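What follows is one structure encoded as structure tokens, with my remarks underneath.
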Amino acid sequence: MSKRMVQFSIYRYDPDKDDAPYMQDISVELEPTDRKLLDALTKLKAKDDAISYRRSCREGVCGSDAMNINGKNGLACLTDIDSLKQPIVLRPLPGLPVIRDLIVDMTQFFKQYHSIKPYLINNDPPPERERLQSPEDREELNGLYECILCACCSTSCPSFWWNPDKFVGPAGLLAAYRFLADTRDQATNERLDNLEDPYRLFRCHSIMNCVDVCPKGLNPTKAIGKIKDMMVRRAV
Amino acid sequence: MSIPVLKFDAVIVGAGGAGLRSAIQLSEAGLKTAVLSKVFPTRSHTVAAQGGVAASLGNSEEDHWTWHMYDTVKGSDWLGDQDAIEFMCKKANEVVVELEHYGMPFDRTDNGKIYQRPFGGHMSNFGEKPVRRSCAAADRTGHAMLHAMYQRNVKANTQFFVEWMALDLIRDEEGHVLGVTAMEMETGQIVIFHARATIFATGGAGRIFYSSTNAFINTGDGLGMAARAGIPLEDMEFWQFHPTGVAGAGVLITEGVRGEGGILRNSSKERFMERYAPNAKDLASRDVVSRAMATEIKEGRGCGVNKDYVLLDITHLDPATIMKRLPGIHEIGLQFAGVDCLKEPLPVVPTCHYQMGGIPTHYSGRVVMPKDGDMNSVVPGFYAGGECACASVHGANRLGTNSLLDLLVFGKSAGDSAVEDLKAGRAHRELPKDVADRTLARISALDNRKGGANVHETRLAMQRTMQDHAGVFRFGDMLKQGVAKILEVEKAARQLEIKDKSMAWNTARTEALEMENLIEVAKATMVSAEARKESRGAHVRDDAPDSAEFPNGRNDKEWLKHTLFSPVDNSISYKPVNMQPLTVEAVALKTRSY
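Quick mapping for you: the protein sequence lines, in order, are chains A and B.
So for the first sequence, my numbering puts the first residue at 1; every next one is plus one.
So for the second sequence, my numbering puts the first residue at 1001; every next one is plus one.
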């Protein structure tokens, strides 16, 4: 890679001074060492300190810098700049209220996550040592516990766009199954009751946008299918 | 101007591992607790920890906390306080088992117990051979831990103030700590959090260096606030350079890679650690491995076009093991080095990783400072745990996996101590009249200054100075110049200008305020490093070389003592190392080798 100019079109909105959002064309020269979109954003911000976005770990584990990149949700820190068609169009995650520029209000997203009781429920008195779990049972949690709550999935899901207050969304449902799948958790029935509703679980129509965008390669649709299976098995 | 006051029993600043662990203690004790965080709790930097948390559970082979204690004292190059180290190592099993009960998805052994892997510097039988002590969830231990603790706090109904930045510590004339001023990032509003107990869990400040494994948010906010409130900073010359950051990108590659059998090689494919640490080899302590790597590179045995990195090789391991135990590393290799580590070795360099020093604390989590001749006088109402605190358990060099243990043990003990003090009757004290003056003056200066220094450029100048003058190897004259340079950068950092004046989610303002914290840490580091005229642990200088009189350049007669940097006048004082454990025999001074 060499030095190169890269063109951007960035969604801008500052509620303090703008009546309406607009797209700003801006370009920046990148060094050979700038590989990721977040590197470019850092350069852009050095040019114009008002460009606003969240970021932290810059290695894809904290989930801060999710945004809509050329029409697809992803993490800026894991996206190779040179893989993107220019001008690179950056917008905030769709479907959530915009606070400023690329920063969205995630209240609704976390409300849904919290609604599934995202914590282990086990009412037995804790033993002195660890609860035992076989490697095979532990394996069931792989592909579930790694979620970074970046919201790429839920904000790419049409069902979540239409009913963000009623449909738990892929991230929340993945978390729900993470606890349903945990042999140490005792609240299976309570958890299934909590989801037995025309909206909370059953608004998922297996569109699979969530799978397509997950930066960690997780599969919420599959987890949702497993919850539906558990519902059916419980009913018969 | 009247500023809203929110009253709580306790305010915790920071929602990483230490803050969340403290919050569990306070919430479960029924106290009204506010937890402030610049980021949503699961985005805190604990999330990036990979390899594991140390505890002598002995799930795969015999282990004892006394062995762990010995390793930690030796790892610290005897600068760690032995009472605090005993406290931590003894508590390890308890806090790790608690995490499992919270739901943490640890990997498992065949008989269903928590999986443990070897890690650098952790040995059996007082230094004999590597032992499996690191309790791991694949190579995502920090992520699994942080989420499990956040989840436990959701269960306990902890009240979070998400995306709030604490700005200044509130102390009254008698020195009591009464809370913090803070800013809601979404609106720019300033609020006073008035508390009976204030706990700092603000993490590290690795962003003072140019090349760092640390997140953007690791800006030493707690240290900056403490320094502005006149509280000294302890042992700030000691920074850990992690041996294996991805060359160029700085992203961390866990020591767990070497725990699982990974080998470091130079340009001639030689396993060079055999020369530097014949016994522990690639699993020697981090300072030892980083120096060995830097020496290989310095002497021309580095790899690549510029011969500026070495290789971390796991191509001889079973691909199934790699994908099971180190899946995140495989991903990082592809993402940040363009290397498939199943087939090719990873390019790595020592990279700034962890701050051993910090706000001086007792092992109970209470903050201490010199007062009326007592070197460890408690600052009433003030507690700290995790990377921002210095208990001191890591001394001159931290062992891998002891950071996650530190934040569990001292997060918990800070929480417990706060509960104890509040139950004993500690009340809200009257807020000083000028309570928010300093904060408001800082904000207003930033908003009104014209022709000031650019934040981005000032930060770069600081990072370059720290990297060039206080790196893996240090030089007497370079440190002297470094002090002068960093004091110059400080002048600029006190005159920052931002163009963005919006009240809404103003990240330019946040970054400027962070810079004011970073510079306090950078200055404390450079001044403390220049002053310590010996080599010890991670602090190694050319003018204190290995000799018969001073093996490894360490001079216990003059320098077996903690540095206290006073931010009031940039002066240095010292306090003794506590060589007396709580119940067992002291680990006697010895030359350190692996």
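Using N, Cα and C, we set each Cβ at its ideal position, and we do this for glycine too.
Everything numeric in this text was worked out from a predicted model, so none of it was measured.
- Within chain A, no residue has its beta carbon less than 7 Å from that of T1401(B); the closest one is some 17 Å off.
- In this chain, the alpha helix (DSSP H) harbouring S1403(B) covers N1402 to K1423.
- Contact of D1107(B) with chain A by beta-carbon distance below 7 Å involves R138.
- Shown here for P92(A): same chain residues with a beta carbon closer than 8 Å to its own, the five before and five after excluded, namely Y11, M67, N68, V98, D101, L102, I103 and V104 in chain order.
- Excluding sequence positions up to five before and after M208(A), its CB lies within less than 6 Å of the CB of T221, all in the same chain and listed in chain order.
- Going by beta carbons, M1149(B) and L1036(B) fall outside the 9 Å limit.
- Here N142(A) is not near Y199(A), since their CB atoms are 9 Å or more apart.
- According to the DSSP secondary-structure assignment, V61(A) is paired through a beta bridge with no residue.
- Excluding its 5 nearest sequence neighbours in each direction, I1231(B) has C-beta neighbours in its own chain below 6 Å: M1369, listed in chain order.
- Shortest Cα-Cα distance from T1202(B) to any of Y1102(B), V1540(B), Y1383(B) and V1349(B) involves Y1383(B).
- In chain order, R55, S56 and R58 make up the part of chain A whose C-beta sits under 7 Å from the C-beta of F1216(B).
- No residue range can be given for I1114(B), since it is assigned to no alpha helix (DSSP H) and is classified by DSSP as neither H nor E.
- Its Cα nearest to that of I121(A), the residue D185(A) stands out among Q86(A), L174(A), D185(A) and C147(A).
- Under the three-state reduction of DSSP, M1503(B) is assigned to coil, being neither helix nor strand.
- Distance between L1057(B) and R1133(B), taken at the CA atoms: about 7 Å.
- Under the Cβ distance rule, G225(A) does not count among the residues neighbouring chain B, no pair being separated by less than 9 Å.
- Nearest in C-alpha terms to S156(A), of all of N123(A), R4(A) and P94(A), is P94(A).
- Proximity to E1344(B) across E1255(B), I1314(B) and C1352(B) peaks at I1314(B), based on C-alpha coordinates.
- Put simply, of K1561(B), P1581(B), M1515(B) and R1541(B) the residue whose alpha carbon is nearest the alpha carbon of G1224(B) is M1515(B).
- Under the three-state reduction of DSSP output, C1388(B) falls in the helix class.
- Across the region 23 to 38 of chain A, CB contacts with chain B closer than 7 Å involve T33, in sequence order along the chain.
- Taking 7 Å as the upper bound on Cβ-Cβ separation, chain B lies near residues I103, H114, P118, Y119, L120, P126, R129, E130, R131 and L132 of the region 102 to 132 of chain A.
- Fewer than three Cβ pairs drawn from the region 1173 to 1186 of chain B and the region 1309 to 1327 of chain B lie within less than 8 Å of each other, which leaves the two stretches out of contact.
- DSSP places Y113(A) in the helix class (H, G or I) of the three-state scheme.
- With contacts defined as CB atoms closer than 9 Å, Y1210(B) and Q1495(B) fail to qualify as a contacting pair.
- Linking S1060(B) to G1112(B) through their CA atoms gives a straight-line distance of about 11 Å.
- I1003(B) sits exposed, since fewer than 16 C-beta atoms from the chains shown fall within 10 Å of its C-beta.
- V1348(B) sits close to P1243(B), with the two beta carbons spaced by under 9 Å.
- Scanning chain A for C-beta atoms nearer than 8 Å to the C-beta of Q1151(B) yields P118, Y119 and L120, reported in chain order.
- Apart from sequence neighbours up to five positions away, no residue of its chain approaches F110(A) with a beta-carbon distance below 7 Å.
- Taking a C-beta distance under 9 Å as the contact criterion, L1560(B) and V1577(B) qualify as a contact pair.
- When 8 Å is used as the limit between beta carbons, Y1102(B) is near these residues of chain A: Y119 and L120, in chain order.
- In summary, the residues of the region 1249 to 1268 of chain B whose CB is separated from some CB of chain A by less than 9 Å are A1249, G1250, V1251 and L1252, in the order they occur in the chain.
- About 6 Å separates the Cβ atoms of V213(A) and G74(A), confirming a contact at the 8 Å cut-off.
- Taken in chain order, the members of the region 1330 to 1345 of chain B whose beta-carbon sits within less than 8 Å of a beta-carbon on chain A are E1331, I1332, Q1335 and F1336.
- The Cβ neighbour count for L149(A), taken over all protein chains shown within 10 Å, is at least 16; the residue is labelled buried.
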